[in-house]
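Take a look at the structure below.
Numbering (the numbering used here), first residue to last: 349 to 1073.
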């Protein structure tokens, strides 16, 4: 191969052709470094016929500089990159960047110097040094990583190195991970679990593509069941990927995994240190027989890593909307996992107690195989569910818990049992206003109210991350002590529990409080040890946690998710409440769920009360069929944004004027997006509804491709959107 075509990691550069120097061996999938003017670029060698580009004369080709010391990107992964870019209307280079997600991993094997505490004390103690000593107990890492962990400058730590308080250690950056043992602690499965596990093991042994929906009620032991095909893949020397929707679930899952297999899996998520990402990436690129990774547990981005010998993919809590990425490449990891299984010719297990309607439809039509776990493990029973009609039994003035829910909470405390109160709203109050002049605190960058977080004394925007201290007086009229919180968040509900039950030990569980695996592990340990009486949490606590003494779940506001224009609102509300209800009564003690609502007649609320999932899903499918909505039709969104409101509006209008006139595609808009300003950019949206058979992506590319818009305008394409703000 003397002439090569590169997919480079910059979409603006397009496709580049180069020459291979004499004596250099290059094959498709190699990651190489090539010159571009005075700079150097990294690219992946691609099949020329699969990557169209302008033909460059031989005499103008420049030679590549080097082939990086990593295994070639396998053809199966290259096909996935192509499919993802084509389906989600994204640049191939943007998808490829997710594959080459660790720049340090591309440099080959190295050793690094890490540091750890020696037990010595510094000559002179300062507050920064004291903080470092407290934060770094038991930690090891580079100076930069330890400085970030301790919250001090690198200079503080270098001073501790000079005084012998921190000692260096040279470590192999590619040292192997502990080996998982498939026969370490084989569980005793129920008859239902064993039957399903055997079928999953057969799918792994067949070494062929098999999309499988594992539909099991909460507490049925889905994790223990799919651990058996994981063990089978390990025995066969194949790699396994388990996708989890939340980092907060990781620690709980890791403990169960280590109990079963005797060693932790390899982790991949955004909170890893750069050295950890480098080590994980290079281990994943090596086959297990060469000391590579056996089992990887990660967030959605782990799906694009360069596995050397993948044998099984498991998507746990496969219904979760956090598997859909809403910026950059807007892909759904659940669907891309199935496609990776297709290209790799391996089984893909989608595990959930409340599967997405699309997944259930695929199972009903025979595209997916469906395996069921209809009952809880170990004799535990599903909780009883009761509605509290807030129009008939309102809470006391200024409170949010109905009297009957408060009474049941007290009864659980008397019996030394735990209660979980669910409200999917972070912070103390979603809106703060001045009772004197009516001023409302709004984000300066977004068309959204600032949420009061009383624990941290701040007002925060949950869309752009802007924060500011909560003032003592109204910034508009200057009146002191005039600020009033409106509506409840989890912190306000926690305060109410403290008022009515001062002796209660309360934990607030949200992405603000459980934002690291360590904090999540501490929360789980306290709950399991009986050190918590009442958990107040958001959707973060609706899945993955198993607390034997938790017998009461109270849903504070079941109607909250039904507000707004979310086209999947009913399905999402059902999934969230059914999942949080499943936290109750998972052991020998029976559970009860109390759902507070002002609309007990709403179909989704009635279905929850009756425990009739199939009837709800059937009705929802009928409504989707009438609306040509997924899984029968398809949606796409085009989001036009600019820092200049007029520029955004005119550009959206121009796009709307150029819309194609097609019988199988309907285009609505443009109109201001529900969140009309986000991070300082004004936003307009067009919504597309297409028949399942329509060539949707081709129509969008043909429509938008010829348009020339101002440089300040961004056009985002969202295929199969889950967010409609």
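In this text, a Cβ means the ideal position worked out from N, Cα and C, and glycines have one as well. Every value quoted in this text rests on a predicted model; they were computed, and no experiment measured them.
{"Item": "Compute the beta-carbon to beta-carbon distance between residue 667 and residue 923, rounded to the nearest angstrom, for a pair I have assumed lies under 8 Å.", "Value": "5 Å"}
{"Item": "Within its chain, find whatever has a CB closer than 8 Å to the CB of residue 516; leave out the 5 residues flanking it on each side and keep chain order.", "Value": "461, 462, 463, 509"}
{"Item": "Is residue 458 buried or exposed, if buried means 16 or more other CB atoms sit within 10 Å of its CB?", "Value": "exposed"}
{"Item": "Could you pull the start and end residues of the alpha helix (DSSP H) that residue 378 belongs to?", "Value": "Premise fails: residue 378 is in no alpha helix (DSSP H) and is neither H nor E."}
{"Item": "Assign residue 621 to one of three DSSP states: helix, strand, or coil.", "Value": "coil"}
{"Item": "Under the assumption that residue 524 contacts residue 639 (Cβ atoms under 8 Å), give the Cβ distance between them as a whole number of angstroms.", "Value": "4 Å"}
{"Item": "Is it true that the region 763-775 meets the region 724-744, where meeting means three or more beta-carbon pairs spaced less than 8 Å apart?", "Value": "no"}
{"Item": "Taking the straight line between their C-alpha atoms, what separation do you get for residue 941 and residue 776?", "Value": "24 Å"}
{"Item": "Measuring straight from C-alpha to C-alpha, what distance separates residue 948 and residue 689?", "Value": "42 Å"}
{"Item": "To the nearest angstrom, how far is the alpha carbon of residue 943 from that of residue 732?", "Value": "11 Å"}
{"Item": "Give me the Cα-Cα distance between residue 550 and residue 467, rounded to the nearest whole angstrom.", "Value": "53 Å"}
{"Item": "So residue 626 and residue 656 are supposed to be a Cβ contact under 8 Å. How far apart are they, rounded?", "Value": "Not quite, the Cβ-Cβ distance comes to about 16 Å (not below 8 Å), so this is no contact."}
{"Item": "From 611, 692, 646, 990, pick the residue whose C-alpha is nearest to that of residue 619; which is it?", "Value": "646"}
{"Item": "Could you tell me which of 664, 590, 548 sits nearest to residue 556, measuring between CA atoms?", "Value": "548"}
{"Item": "When you compare only the Cα positions, how much space is there between residue 546 and residue 981?", "Value": "35 Å"}
{"Item": "State the beta-bridge partners of residue 587 as determined by DSSP.", "Value": "658"}
{"Item": "Confirm the yes/no value for this check: CB of residue 992, any heavy atom of the ligand GTP, distance under 6 Å.", "Value": "The ligand GTP is not part of the structure shown, which contains no ligands of any sort."}
{"Item": "Between which residues of its own chain and residue 313 is the CB-CB distance below 6 Å, once the five residues before and five after are set aside?", "Value": "Outside the modelled stretch of the chain, which goes from 349 to 1073, sits residue 313, for which no answer is possible."}
{"Item": "Just checking: is the beta-carbon of residue 587 within a distance shorter than 7 Å of some beta-carbon in chain B?", "Value": "Although the question refers to chain B, the structure presented lacks it and comprises just one protein chain."}
{"Item": "One question on the structure: do residue 1060 and residue 995 come within less than 7 Å of each other, judged by their Cβ atoms?", "Value": "yes"}
{"Item": "Name the two residues that bound the continuous beta strand (DSSP E) containing residue 993.", "Value": "First-last for residue 993: 993-1005, but that is the alpha helix (DSSP H), not the beta strand (DSSP E)."}
{"Item": "Check whether the region 996-1007 touches the region 1028-1042, taking contact to mean three or more Cβ pairs, one atom from each stretch, closer than 8 Å.", "Value": "yes"}
{"Item": "So residue 734 is in the beta strand (DSSP E); what residue range does that whole segment cover?", "Value": "732-737"}
{"Item": "Could you give the residue range of the beta strand (DSSP E) that holds residue 558?", "Value": "558-564"}
{"Item": "Return yes when the Cβ of residue 590 is within less than 7 Å of the Cβ of residue 697, no when it is not.", "Value": "no"}
{"Item": "Quick check on residue 1019: does DSSP put it in helix, strand or coil?", "Value": "strand"}
{"Item": "Buried or exposed for residue 683, please, with buried defined as at least 16 other CB atoms from any protein chain shown within 10 angstroms of its CB.", "Value": "buried"}
{"Item": "Within 10 angstroms of its Cβ, does residue 1069 collect 16 or more other Cβ (buried), or is it exposed?", "Value": "buried"}
{"Item": "Please name the residue, chosen from 779, 636, 846, that lies closest to residue 836 on a Cα-to-Cα basis.", "Value": "779"}
{"Item": "Which residue from 567, 412, 382 puts its Cα closest to that of residue 938?", "Value": "567"}
{"Item": "Quick check on residue 642: buried or exposed, where buried means 16 or more other Cβ atoms within 10 Å of its Cβ?", "Value": "buried"}
{"Item": "Roughly how far, in whole angstroms, is the beta-carbon of residue 443 from the beta-carbon of residue 412, given that I think they are within contact range, below 8 Å?", "Value": "No, residue 443 and residue 412 are not in contact; Cβ-Cβ is about 22 Å, not under 8 Å."}
{"Item": "When DSSP builds the beta bridges, which residues end up paired with residue 431?", "Value": "Answer by DSSP bridge pairing: none, since residue 431 is not bridged."}
{"Item": "With distances taken between CB atoms, is the gap from residue 903 to residue 910 smaller than 7 Å?", "Value": "no"}
{"Item": "So, is residue 473 buried or exposed, given that buried needs 16 or more other C-beta atoms within 10 angstroms?", "Value": "exposed"}
{"Item": "Leaving out five residues before and five after residue 586 in sequence, what residues of the same chain have Cβ atoms less than 6 Å from its Cβ?", "Value": "657, 659"}
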